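In my numbering, the protein residues as written are 18 to 333.
A quick write-up on the structure given underneath.
Following this line, the structure appears as structure tokens:
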């Protein structure tokens, strides 16, 4: 209450508190609470036991917080008072930020969600309901971790992600998404052989444990790594290298053993070489057909190419 830590009582009393908190203000009927505590094998005095725990919990929380209604119980607390609802709101904001292209903000928000975890959720709380919720929340935590690691790779933190992904794949060896992220992180860190070794180990493990092949996305990733896919090697936030502008080089082949016309070659070459900036040098060759005007022009143009690095055009 405020900064005061309230005693939650016995494990069974904590189980009642957890069952009510996770309903986020909705009423839990007596039957639902009995199922949450004992599943399909409740004791004969189950209802009386629930009422006893509720009475004890009400003394701790207050009459206005734990209320009886519709044959059951509900907790009246603000949405911001529960870390789970805060985590859900932050996760929704992260998803929105990512959809809007703000990867860094999404990454920060997911880290805040993960920071709300303090060990295992509902640790030591008894009952089948608490066990199911532990499994659900642990799966959600792993999904959030995968999303954050995916964002790490997208913003270029692949080298830093390798050690965390290695530990996670060891803890969850059959989780293919983690192995996919590890393969990408290794590949982007210049460790292509190790990335391929992760795929080989995944394929062996899935075959031995489950009798199945890796999912298609993982097999496609392996092929991209084998091809040394340049696009895969770049984080999403790293732009592709700008394509070099195409430089026209339209001059026909020159005559390799061109001889003669030295004065023309010298004068035309000097005019072209003296052109600077926006100044255009125009030279015209006149003469009857077949005397070699085009051959001369092409020969001079080839000699002048170093003065026109942006390209050369040819019109016949």
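Every residue gets a Cβ at the ideal spot worked out from N, C-alpha and C, and that includes glycine.
Computed from a predicted structure; not experimentally measured.
In whole angstroms, what separates the C-alpha of residue i from that of residue j?
i, j, result
"residue 36", "residue 216", "42 Å"
"residue 120", "residue 113", "10 Å"
"residue 161", "residue 134", "12 Å"
"residue 236", "residue 192", "15 Å"
"residue 330", "residue 309", "19 Å"
"residue 227", "residue 92", "44 Å"
"residue 70", "residue 64", "10 Å"
"residue 290", "residue 324", "6 Å"
"residue 209", "residue 183", "15 Å"
"residue 245", "residue 238", "11 Å"
"residue 232", "residue 198", "14 Å"
"residue 87", "residue 51", "15 Å"
"residue 46", "residue 126", "35 Å"
"residue 27", "residue 136", "20 Å"
"residue 305", "residue 328", "30 Å"
"residue 250", "residue 158", "28 Å"
"residue 172", "residue 181", "16 Å"
"residue 76", "residue 84", "11 Å"
"residue 168", "residue 123", "8 Å"
"residue 43", "residue 146", "16 Å"
"residue 54", "residue 29", "8 Å"
"residue 303", "residue 311", "10 Å"
"residue 317", "residue 285", "7 Å"
"residue 234", "residue 242", "12 Å"
"residue 61", "residue 152", "29 Å"
For the beta strand (DSSP E) that contains residue i, what are its first and last residues?
i, result
"residue 83", "83–86"
"residue 89", "89–92"
Starting from residue i and walking both ways along the alpha helix (DSSP H), at which residues does that stretch end?
i, result
"residue 57", "Premise fails: residue 57 is in no alpha helix (DSSP H) and is neither H nor E."
"residue 26", "No alpha helix (DSSP H) holds residue 26; DSSP gives it neither H nor E."
"residue 106", "100–116"
"residue 242", "233–243"
"residue 248", "247–250"
"residue 336", "With the chain running from 18 to 333 in the structure shown, residue 336 is simply not present."
"residue 152", "145–171"
"residue 321", "Here residue 321 belongs to no alpha helix (DSSP H), and DSSP marks it neither H nor E."
"residue 209", "209–226"
"residue 180", "175–188"
"residue 202", "193–205"
I'd like to confirm the pairing. Which residues does DSSP put opposite residue i in its beta bridges?
i, result
"residue 45", "90"
Within 8 Å of any Cβ in chain B, is that where the Cβ of residue i sits?
i, result
"residue 301", "Of the chains in the structure shown, none is chain B; there is only one protein chain."
Quick one: measure Cβ to Cβ for residue i and residue j, integer angstroms, because I've assumed they're closer than 8 Å.
i, j, result
"residue 194", "residue 175", "Not confirmed; about 16 Å, so no contact."
"residue 103", "residue 95", "Actually they do not touch by this definition, with Cβ atoms about 11 Å apart."
"residue 278", "residue 313", "6 Å"
"residue 130", "residue 116", "Contact flag wrong, Cβ pair sits at about 16 Å."
"residue 269", "residue 332", "Not a contact, Cβ separation roughly 11 Å."
Any heavy atom of the ligand SAH closer than 7 Å to the CB of residue i?
i, result
"residue 34", "Here there are no bound small molecules, and the ligand SAH is not part of this structure."
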